[in-house]
Each structure stands twice: as C-alpha cells, then as structure tokens.
Amino acid sequence: HHAVLTPQKETTKLRVVFDASAHLKGEPSLNDVLHPGPVILPKICDILLRFRLGRFAIVSDVEKAFLQVHLRCEDRDATRFIWLRDINQPLTPGNTVIYRFTRVTFGLNCSPFLLAGTIKHHLDTCSVNPKLAREVASNTYVDNIIVTTSSEEEALQFYTDSKQLFNDLRMNLREFRSNDETLNARIAPADLSANTLQKVLGIRWQSEKDELLLTCRYRPTSGKLTKRSISEQAASVYDPLGLLTPLTLRGKHFLQQLWKHGYDWDTSLSVKHQQEWQNIVEGADGFEISLPREVAHIDTNVSLVLFADASSHGMAACAYLVSGSDNHIIAGKSKLPSIKDKPTIPKLELNALTMAMRLAYSLYEAIGHRVRIEQ
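Just so you know, we're using full-length UniProt numbering here: the sequence shown kicks off at 1 and counts up by one.
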C-alpha cells in the first residue's frame, strides 16, 4: 500500500491506497480475480456540460464515501492483509497479524462500482422525493455532486433536501459551495467549504467570480525521450470537454509521426525529434484561460452551432451554444487521419462532419432536457 497525499484539501489530507494489482511472478493479482462491475457512473463531460447551465451552481461531496459501505462477512476474506504487531520490530512470523477490511477498500477495481451501485440503489428506491433523487443520480460522480438551479431558493431547497436524502442513506453530504455568497451564508458552517477555488471533476472553478480555469499542463518527464514517454506525456493533459484541442492536437500528430518513422516504444528519439517535441511542449505547457461557467439559463431557447473542418494533419469539430446575442464554445473533438490509408481532403472533411453530428447528438443527450434547443 501507499499514501496519497493531498495537503491542499480541507478534509482528507492523507489516504491509504492498497495496491491490489501487485502479484507474485506467474500468479494473478487480487484485481485479476475480482469482477470490476459495470460502469454505471454518468459521463464526466455530460455533468460538466450541465454544470454550465443555470444561474446558481452548488457543489458538494459525500464524507468518506467509500468507508460508508460495508462488505458482506463472506466477502471480507478477499481484503485480508498482513500487518505488524509492533511496527518497531522486524518482520517475523511472530510479529505479524492478519487483518481484513469490513468496508470498501481503496485500490480494488470493484470499489467504484460498489459505491456507485449502493448510492444508485438507494436513489432508485427513494419514494419521498423521487425528482430530487433523479437529479442527484444524473449529476453524481463517485462522491461528487454537481447541481445547478434557476433561483437561490431552489438551490437552498436542494441543500436542505439533499442533506436529508443522504442522511437517510447514513451518509453525510458536506463541503457545499455555491457561486452565490447569499446562499453560502445560509448554509450551515459545518457543511460549508471555505475554499473559493473548487475542483469540479478535475476542472478548477473560481466560485466567487463564477469562472472555470482551463490549464494545459504536461506532466514532467525525466530520463530519455521515447515514444512511450511522449505517449504518456501527451495523454497527461486533462481536457474532458475538448476545449484545449488547438493545443493538444499538435502533440497527437507528432506522436503519429513517430509511428511513421518506425520508432520502437523504448528507443531514444533523434536529436531533431527531441527538439521538435520540446518546442511543442514549451508552446502549450502552462497555457491558462478563464471562461464563464454559465453559458445559458435553464429552460431558455438556445441554438446549437457546430463547425467542422479537416486537413492532412487532423479532423476537428467544435460546438457553440447561442442564447440571444451571447455565444459560448462548450465542447470540441479531434481525430487524426489513419496512417494506413491515404484519405483525400474531401473524405477527411466528410469524416469531420460526421464527428460534428455525433458531437451534436451527444450534446443534445446531455443538455437537451435543461435547455430548449430550437435549431
């Protein structure tokens, strides 16, 4: 096991995570023999898209969510681990003891499903406030709940009712934060997060200014530059909505060129290609832009406008939400041409158009019930 340190957090600054993928040579790991369960969580991009609709935003999380879920007695033997009776003494048979977890464990591949399935079961069977339960279910990712409303009173009602809803689950909803200071003042101090810079599913949100901060940050790499290290570095930029596509597409195209040059995964790049990659990273790394969180009111008439284009280097599409005289980019997608075929530019443009239509469909599925998309 190892410790995951998050000193910047107000609550859990240290979390113990077990490595259930560790195994002896030729033997399966615990994760190899556990069923991970189906993926029942909503898509991150869908929740973020809905987060940008509505005057009032309010976020919260479930306190120690995984540790609120009990394991059945007959399943607990799968979570046995060896510990020392006296940590100041060496590892000997007489100084070891076997424990087992009674709650869902960090590091198991099935843990996300066990938590999500438990919450979903209770929300699906909620008879007191089924409308609220459906709203929470569609906007909950693991232990994070992200909701928007049209009025302050609706947001306050959500705070009160959601607290009770999770109390019925024997879970505590906490760390509430809104973009409205009047609403924050009406939240109980014990439930309010003092941090005005929130992380909403990996995207920074300045709640006071009600702005999203997008950052292009490549993970630093040490050692020699290889196709493997560059692949990992190119994938390290977090961009669930595709809004950083103009910056990240160059890195994807460069990686494709390495395939064309026949590099093995762990072969050092030539000096020329190393310099080219350094230029790409330096040109994009650290880029930051702030965008307004709210792009349209709930239940207003909007237009969805999409653009698509292609070149020999790539295909891309982006979507704008137009409300009156206001327009905001809300999503983007990109794709590289196949290196096996040699498609013509017209064919690539048709592929980009197909990408745009699929993007439009996914956007309609995500936000079509929150705003009226007229055209």
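Glycine included, C-beta positions come from ideal geometry on N, C-alpha and C.
Keep in mind the model is a prediction, meaning the values are calculated, not measured.
Residue i and residue j closer than 8 Å at C-beta
i, j, result
"Tyr141", "Ile40", "no"
"Asn184", "Asn109", "no"
"Ala296", "Phe307", "no"
"Leu304", "Leu243", "no"
"Asn129", "Asp161", "yes"
"Trp265", "Thr226", "yes"
"Phe56", "Asn179", "yes"
"His15", "Phe113", "As written in the sequence, residue 15 is Arg, which differs from the His given in the question. Not a contact, by the Cβ cut-off of 8 Å."
"Leu53", "Ile298", "yes"
"Gln164", "Arg177", "no"
"Thr182", "Glu152", "yes"
"Thr221", "Gln206", "no"
"Ala78", "Leu115", "no"
"Glu154", "Leu213", "no"
"Ser323", "Thr354", "no"
Cβ-based burial, residue i [other Cβ within 10 Å; buried from 16]
i, result
"Ala194", "exposed"
"Lys333", "buried"
"Phe81", "exposed"
"Glu175", "buried"
"Cys216", "buried"
"Ser236", "exposed"
"Val371", "buried"
"Ser311", "exposed"
"Gln257", "exposed"
"Asp143", "buried"
"Leu91", "exposed"
"residue 381", "The requested residue 381 does not occur in the structure, where the chain is confined to residues 1 to 375."
"Thr148", "buried"
"Thr248", "buried"
"Val17", "exposed"
"Ala133", "buried"
"Leu5", "exposed"
"Ala352", "buried"
"Tyr263", "buried"
"Ile87", "exposed"
"Glu74", "exposed"
"Ala20", "buried"
"Glu27", "exposed"
For residue i, the nearest candidate out of the options (CA to CA)
i, options, result
"Ala319", "Glu294, Arg358, Ile298", "Arg358"
"Phe254", "Asp180, Tyr238, Phe66, Lys272", "Lys272"
"Ser268", "Pro246, Thr12, Ser311, Lys224", "Lys224"
"Gly251", "Gly262, Glu276, Lys13, His261", "Glu276"
"His261", "Ile339, Thr125, Glu181", "Ile339"
"Ala356", "Ala331, Ile345, Pro337", "Ala331"
"Asp326", "Glu294, Gly314, Lys131", "Glu294"
"Ile230", "Tyr238, Val200, Val281", "Val281"
"Thr11", "Arg72, Glu63, Pro343, Glu154", "Glu63"
"Leu84", "Arg72, Pro246, Tyr99", "Tyr99"
"Gly117", "Pro36, Gly314, Leu132", "Pro36"
"Leu123", "Gln157, Ile87, Ala155, Asp168", "Asp168"
"Glu349", "Gly314, Cys126, Ala360", "Gly314"
"Arg345", "Asp309, Ile87, His328", "Here the sequence assigns Ile to residue 345, which means Arg is not the residue at that position. With distances taken between Cα atoms, Ile345 lies closest to Asp309."
"Pro189", "Val200, Ser270, Leu173", "Leu173"
"Lys209", "Pro292, Asp75, Ser150", "Pro292"
"His328", "Val302, Asp341, Pro343", "Val302"
Supposed contact pair residue j and residue i - C-beta distance, whole angstroms, cut 8 Å
i, j, result
"Glu211", "Ser290", "4 Å"
"Val104", "Phe66", "5 Å"
"Ile58", "Tyr218", "With 8 Å as the limit, Ile58 and Tyr218 do not qualify as a contact, their Cβ atoms being about 33 Å apart."
"Leu49", "Ala366", "5 Å"
"Cys45", "Leu241", "6 Å"
"Ser60", "Ile145", "5 Å"
"Gln8", "Met171", "With a Cβ gap of about 24 Å, Gln8 and Met171 do not count as contacting."
"Thr102", "His70", "6 Å"
In DSSP terms, what residue i is bridged to
i, result
"Met315", "Ala310, Lys335"
"Tyr159", "According to DSSP, Tyr159 bridges with nothing at all."
"Trp83", "Val97"
"Arg204", "Lys199, Leu213"
"Asn301", "Arg372"
"His70", "Arg103"
"Asp61", "Asn144, Arg174"
"Phe18", "In the DSSP output, where bridge partners are listed per residue, Phe18 has none listed."
"Leu41", "None; Leu41 has no bridge partner."
"Pro240", "According to DSSP, Pro240 bridges with nothing at all."
"His328", "Leu321"
"Leu353", "BP columns for Leu353 are empty, so no partner."
"Val4", "Arg15"
"Ala296", "Leu53"
Distance cut-off 7 Å: residue i Cβ against heavy atoms of the ligand SAH
i, result
"Ser229", "Among the components of this structure there are no ligands whatsoever, and the ligand SAH is therefore not found."
Chain C contact for residue i (CB, 8 Å cutoff)
i, result
"Glu232", "Among the chains of the structure shown, chain C does not appear; only one protein chain is present."
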